[in-house]
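The sequence shown begins at 41 in my numbering and counts up by one. Even glycine gets a Cβ: it sits at the ideal position worked out from N, Cα and C. Let me begin by presenting the structure, written as structure tokens, before commenting on it.
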Amino acid sequence: MSVERIAEELAGLVVPIDSIRPHPQNARHGDVERIAESLTRFSQVKPVVVQASTRYVVAGNHVFLAAKSLGWKKVAAAVVELSDEDAVAYLLADNRTSDLGSYDRDALAEVVGQLRDTDALAGTGYAPDEADALIAERVKVEVDQWVSESFTSTLRFETIAQYERWIAFLNHLRNRDPDAPTMAARISAYIEQAAPDAGKPRPNSNSRGYDSAWRRGPRARQLEAHPTCQWETDGVGCGEPATDVDHRVPKRAGGTDDEDNLQSLCHSHHSVKTRAES
């Protein structure tokens with residue numbers, strides 16, 4: 041039984057594989073193993089090109105070698121009349137024009153991702169880890185663009201598993217909401233659906249949703265909790281608006297640490313006294 045897998049449409053071009061040979065001036069190094077995987081899945085669907093006078097392969101040298109590695113006895117070949125000079129020139133052109141091509145990497149990542157998700161990468165030339173890296177690159181670019189458009193932020197991961205989980209989550213959001221304009225929009229929509237109350241600005245927060253007092257530090261949080269001066273003299277509170285200034289808080293006689301820490305002083309009334317007693 042023949043081991044060859046050649047498309048029926050190429051039946052008229054089939055020649056004994058030993059009747060042709062690789063071109064000795066081919067400088068290209070191809071991945072014969074992956075081409076063999078492609079032939080195994082798809083069969084040979086386009087012929088190699090052979091110079092009639094020398095029987096050298098001028099296009100498809102690695103397809104020829106892959107077929108040989110699979111034990112094929114026949115191969116489809118377009119045998120054409122070429123001078124030796126034109127044969128070498130065509131050999132170069134076939135390799136070089138391929139090199140000059142480029143990819144829309146977003147579109148490529150989307151297609152590769154679809155095939156990866158259905159376990160259909162066999163024969164495409166992409167190993168699963170290469171597909172994952174391509175998709176991760178696409179997500180990273182979008183996240184970087186999102187961050188640069190809004191504010192600078194750094195995500196830190198303790199383990200590779202955490203990073204991979206994050207990338208998988210972003211890819212899930214992309215597939216879930218492909219029409220969203222940005223990753224930020226996808227994340228916002230996800231939060232709104234999964235936890236409607238999460239991420240909403242707290243009272244006294246700034247436009248980015250961060251509590252301004254919390255962001256400024258413990259002194260500001262103290263003033264947030266005690267907007268008026270807590271200083272007492274003979275049991276009578278000051279009651280004046282507290283001032284967010286850099287001055288020390290004196291200990292009250294008999295006061296606990298918590299009470300001392302919660303005192304916010306009225307700068308206009310007590311800053312001089314504070315310095316004198318400190």
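Arg214 sits in a helix when the DSSP states are folded into three classes. Using a C-beta cut-off of 8 Å, the segment 81-89 makes contact with the segment 115-122, since at least three inter-stretch Cβ pairs fall below that distance. Residue range Tyr96 to Ala99 is occupied by the beta strand (DSSP E) that includes Tyr96. Distance between Gly153 and Asp124, taken at the CA atoms: about 44 Å. Contact check for Leu161 against Leu155 passes: the beta carbons are separated by less than 9 Å. Under the three-state reduction of DSSP output, Ala116 falls in the strand class. DSSP, read as helix, strand or coil, puts Ile175 in helix. In the three-state reduction of the DSSP assignment, Arg61 falls in the strand class. With respect to the 9 Å criterion, Leu50 and Val85 are classified as neighbours on the basis of their beta carbons.
Looking at the backbone, the Cα of Trp206 and that of Ile227 are separated by about 12 Å. Rounded to whole angstroms, the separation of the alpha carbons of Arg216 and Met223 is 11 Å.
Between the alpha carbons of Leu132 and Glu177 lies a gap of roughly 32 Å. Close CB contacts of Ser93 within its chain, under the 7 Å cut and outside five residues either way in sequence, are absent.
Pro168 sits in a helix when the DSSP states are folded into three classes. Closest option to Asn101, judged by alpha-carbon separation, among Asn66, Leu110, Trp112 and Lys113: Asn66. Our two residues, Arg81 and Ala235, have alpha carbons roughly 46 Å apart in a direct line. Here Phe197 has Tyr203 as same chain residues with Cβ atoms under 6 Å from its own Cβ, once five neighbours each way along the sequence are excluded. When DSSP states are grouped into helix, strand and coil, Val103 belongs to the helix group. A straight-line Cα-Cα distance of about 34 Å links Asp237 and Ala173.
Just measuring C-alpha positions, the residue of Glu150, Pro56 and Trp112 sitting nearest Arg214 is Glu150. With fewer than 16 neighbouring CB atoms inside 10 Å of its own CB, Ala129 falls in the exposed class.
For Gln91, the uninterrupted beta strand (DSSP E) segment begins and ends at Val88 to Gln91.
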